[in-house]
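> Residue numbers (this note's numbering): 26 to 630. Ideal placement from N, C-alpha and C gives every residue a C-beta, glycine not left out.
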Amino acid sequence: MAPVSTSYETVLTDEQLDKWMAIIEAAPLTSLDTETTSLEPMRAQMVGISLCCEPGVAAYIPLAHRYQDAPAQLERGHVLERMRGWLENPARPKLGQNMKYDSHIFANHGIRLAGVAHDTLLQSYVFESHRSHDMDSLALRHLERKTITYTDVCGKGASQICFDQVALDRATEYAAEDADVTLQLHQTMWPHVAENEKLSYIYEKIELPTATVLQRVERNGVLIDADLLATQSNELGRRMLEIERQAYELAGQPFNLNSPKQIGEIFFDKLKLPVVKKTPSGTPSTDEEVLQKLAEDYPLPKVLLDYRSLSKLKSTYTDKLPRMVNPDTGRVHTNYAQAVAVTGRLSSTEPNLQNIPIRTVEGRRIREAFIAAPGNVIISADYSQIELRIMAHLSEDPAMLRAFAEGEDIHRATAGEIFALAPAEVSSEQRRYAKVINFGLIYGMSAFGLAGNLGVERAAAQMYIDKYFLRFVGVRNFMDETRVRAKRDGYVETVFGRRLWLPEINSPNGPRRQGAERAAINAPMQGTAADLIKLSMIAVQDWLDAEKLTSMMIMQVHDELVLEVPEAELDLVKTRLPQLMAGVATLRVPLQAEVGVGPNWEQAH
DNA sequence: TAAGTCACG
DNA sequence: ACGTACGTGACTTAT
């Protein structure tokens, strides 16, 4: 439902612009939105700006619409210079939906947007992280208003047009509405956040400042050694060809090694290999676990495993990353999504820099291509055992608290408790078991899952779990209480009060409910870790600015921050970075960050 | 567009 | 008896 009356104005003259400048200069809060040529934040050019200070009354300033017989528009440079003082003034409060994006667009035109007081994307995320946060959904949910969508205006697929081709009257209906709806969404959602002290803290002290830091991290980008990756691609390609040949020979025919369907036909129809497990759709699985199992008795699965690992490295990393280099900056600029992961974590896209290989020797080499510019080094600092420390804090389990307080190896200490040994007497096998158990605890494991991971019988796994909970009663109580809480409230909280909703926690569907219970166990730990590293990012960037250092934050990988640091600042950053990360909060256990330095990301680990 | 698979914390 | 460790994003094939 549209509001009773709207007044949307297309600004085409200096007189109109002057009038709107007077309005936004005086307004306590201005809703701001940009229309652009592309969704790539680092490349998009501004096509228009919309403004709204009062529900139903908005302006669209077209700046670069270029279609046949388009009306004359105010010149973009002229308008931006006219607005620069207001845009860059931190004391003039602005509001938007995903202002990190708009900040990039302004930066693309030399404007440093300041004074972002509110962001409806982040309000929605803090209020209900598990729901959708796009403006069309928010307008339907909170305003019962159906908005004009981008697809309505520009079409989709091959026939989609660029926004600069949209007629001014239609563009105004769409763009002015966006600014208008954003202001109304703020008026509806902000009270939901403001009425709760903890949610306000998450929104104001964590999410809003994090958005500003993220925009800078994204703009900084990371330098890639494209030649090195090309060399690796060539080598991977050669090896894949050889493996392919072997696979055809073993199969007795050529087939597409990338096709699970064709692999299934060869394995289970032609060669009659046993079906180890099935996919959710009921077809026999050929995933890594299955291939490992089959490789014990047959040669082809092993060959396929090798092929898969190389193929992954080549297509997703060594081939792709060089193509993601921005020609203007010579660097790779990821996009951090701040309102996607329900737990409070960030995610990274185009490219995803949070899943660069590390677990295999082969894969690690890709990190050698993440390099520092001449005269700089890469510094990486990661939180040590952050989620287990948070579990110790939340559960107040005496044995866990003591182990961390005394700086013990936590897996060794855990094994000592389970197997009733002094830490020094724990075997490497026992430590490995304890490590798997500790990970399982963070994920809300079952005896079945633990058995699968340890490669033991379910009864044996159950025995380890029983022993664990006998020695760590605090952890057992914490998990029981968490489940009870989740069922009673429908949500659980991080240490800082971020809410993680569990819509299926009381579902009559057993598997779904149990899934929600596991998520409830995991969420406070994963979510608190996310809170902590966001606070770290804010603290580190504040410190770099205050000290006027030229070191740049260039990546965040959940428990790790990566910086590119001039050699002159190396000693200072290397000392201070882990201190800042450890000092962002005082929990019942000490926080610890470990730092590494090198010419590339691999060697900084 | 969905399914399967696999990279990370 | 059921399904079975949390949270992500990208690539490839096949429909």
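#1: Which of the three DSSP states, helix, strand or coil, is assigned to Cys187?
#2: Per DSSP, Ala406 forms a beta bridge with which residues?
#3: Helix, strand or coil for Val614? Go by DSSP, reduced to three states.
#4: Quick check on Gly537: does DSSP put it in helix, strand or coil?
#5: Might you give, ordered along the chain, the residues of its own chain that have their beta carbon closer than 6 Å to the beta carbon of Thr304, omitting 5 neighbours on each side?
#6: What does DSSP give as the partner residue(s) for Gly608 in the beta ladder?
#7: Between the C-alpha atoms of Val242 and Ile74, what's the straight-line distance to the nearest angstrom?
#8: Which residue or residues does DSSP assign as beta-bridge partners of Lys303?
#9: Within 10 angstroms of its Cβ, does Ala116 collect 16 or more other Cβ (buried), or is it exposed?
#10: With 16 other CB atoms within 10 Å as the buried threshold, where does Glu375 fall?
#11: Extract the residue ranges of the alpha helix (DSSP H) inside the stretch 485–516, only unbroken runs of 4 or more that lie entirely within it.
#12: Taking Lys460 as the reference, give the member of Glu412, His418, Ala430, Lys512 with the closest Cα.
#13: Can you give the beta carbon distance from Tyr342 to Thr197, rounded, assuming they're within the 8 Å contact cut?
#14: Counting along the chain, where does the beta strand (DSSP E) carrying Trp526 start and finish?
#15: Give me whichever residues DSSP pairs with Pro591 in a beta bridge.
#16: Decide if the stretch 50–58 is in contact with the stretch 163–178; the criterion is three or more beta carbon pairs, one per stretch, under 8 Å apart.
#17: Could you work out which residue in Thr59, Glu314, Arg483, Met577 is closest to Phe188 when comparing CA atoms only?
#18: Using the C-alpha atoms, what's the distance from Val509 back to Ala541?
#19: May I have a chain-ordered list of the beta strand (DSSP E) segments no shorter than 3 residues that lie completely inside the stretch 285–365?
#20: Please classify Pro87: does DSSP put it in a helix, a strand, or coil?
#21: Between which residues of its own chain and Glu387 is the CB-CB distance below 8 Å, once the five residues before and five after are set aside?
#22: So Ala511 and Val517 are in contact, right, with Cβ under 8 Å, and what is the actual spacing, rounded?
#23: Can you check which of these residues, Asn283, Glu594, Ile381, Thr145, is closest to His583 by C-alpha distance?
#24: Could you please give me the residues that DSSP links to Gly552 through a beta bridge?
#25: Over what stretch of residues does the alpha helix (DSSP H) that includes Gly474 continue unbroken?
#26: For the stretch 265–284 and the stretch 594–609, state whether three or more C-beta atom pairs, one from each stretch, are separated by less than 8 Å.
#27: Considering only their Cβ atoms, is the gap separating Leu168 from His158 smaller than 8 Å?
#28: Please check the pair Ala142 and Pro118, which I expect to be a contact at CB under 8 Å, by giving their CB distance rounded to whole angstroms.
#29: Unbroken alpha helix (DSSP H) runs of length 4 or more, entirely within the stretch 57–134: which are they?
#30: Where His630 and Ile396 are concerned, what is the direct C-alpha to C-alpha distance, given to the nearest angstrom?
#31: Taking Ile249 and Val350 to be in contact with their CB atoms under 8 Å, please state how far apart those CB atoms are, rounded to whole angstroms.
#32: I'd like the span of the alpha helix (DSSP H) that includes Ser225, first residue to last.
#33: Pairs of beta-carbons, one from the stretch 561–569 and one from the stretch 410–429, closer than 8 Å: are there three or more?
Let's see:
#1: Under the three-state reduction of DSSP, Cys187 is assigned to coil, being neither helix nor strand.
#2: Bridge partners of Ala406 according to DSSP: Leu586, Val620.
#3: Secondary structure at Val614: coil, using DSSP grouped into helix, strand and coil.
#4: The amino acid occupying residue 537 in the given sequence is Arg; Gly does not appear at that position. Note: Arg537 maps to helix in three-state DSSP.
#5: Non-local C-beta neighbours of Thr304 in its own chain, meaning closer than 6 Å and more than five positions away in sequence, comprise Ser310, ordered along the chain.
#6: According to DSSP, which records beta bridges pairwise, Gly608 is partnered with nothing at all.
#7: In a straight line, the C-alpha of Val242 is about 25 Å away from that of Ile74.
#8: Lys303 pairs with Pro309.
#9: Looking at its Cβ environment, which holds fewer than 16 other Cβ atoms inside 10 Å, Ala116 is exposed.
#10: Exposed, by the Cβ-count rule.
#11: Fully enclosed alpha helix (DSSP H) runs of 4 or longer: 498–514.
#12: Measuring from the Cα of Lys460, the nearest candidate turns out to be Glu412.
#13: About 44 Å separates the two Cβ atoms, so there is no contact after all.
#14: That run of the beta strand (DSSP E) goes 524–526.
#15: Answer is Asn401.
#16: In short, these stretches do not touch, since the Cβ pair count stays below three.
#17: Comparing Cα-Cα distances from Phe188 to each of Thr59, Glu314, Arg483, Met577, the minimum goes to Thr59.
#18: Rounded to whole angstroms, Ala541 and Val509 show a C-alpha spacing of 12 Å.
#19: Secondary structure in the stretch 285–365: the beta strand (DSSP E) runs of 3 residues or longer, each lying completely within the stretch, are 360–362 in chain order.
#20: If DSSP states are grouped into helix, strand and coil, Pro87 belongs with the strands.
#21: By the criterion of a C-beta distance shorter than 8 Å, Glu387 is surrounded in its chain by Ser334, Leu335, Leu338, once the five residues flanking it on both sides are discounted.
#22: That belief holds up - the Cβ atoms of Ala511 and Val517 are roughly 5 Å apart, short of 8 Å.
#23: Of the candidates Asn283, Glu594, Ile381, Thr145, the one whose C-alpha sits nearest the C-alpha of His583 is Ile381.
#24: The partner list for Gly552 (beta bridge, DSSP) is empty, contrary to what the question assumes.
#25: Looking at the DSSP string, the run of the alpha helix (DSSP H) that includes Gly474 is 472–479.
#26: They do not touch, by the three-pair rule.
#27: Cβ distance not < 8 Å, so His158 and Leu168 don't count as in contact.
#28: With a beta-carbon spacing of about 4 Å, Ala142 and Pro118 fall inside the 8 Å limit used to define contacts.
#29: Segments of the alpha helix (DSSP H) lying fully in the stretch 57–134: 101–112, 124–133.
#30: Approximately 13 Å, taken between the alpha carbons.
#31: Yes, they are in contact, since the Cβ atoms of Ile249 and Val350 sit about 6 Å apart, within 8 Å.
#32: Counting along the chain, Ser225 sits inside the alpha helix (DSSP H) bounded by residues 222–226.
#33: Verdict: no, contact absent.
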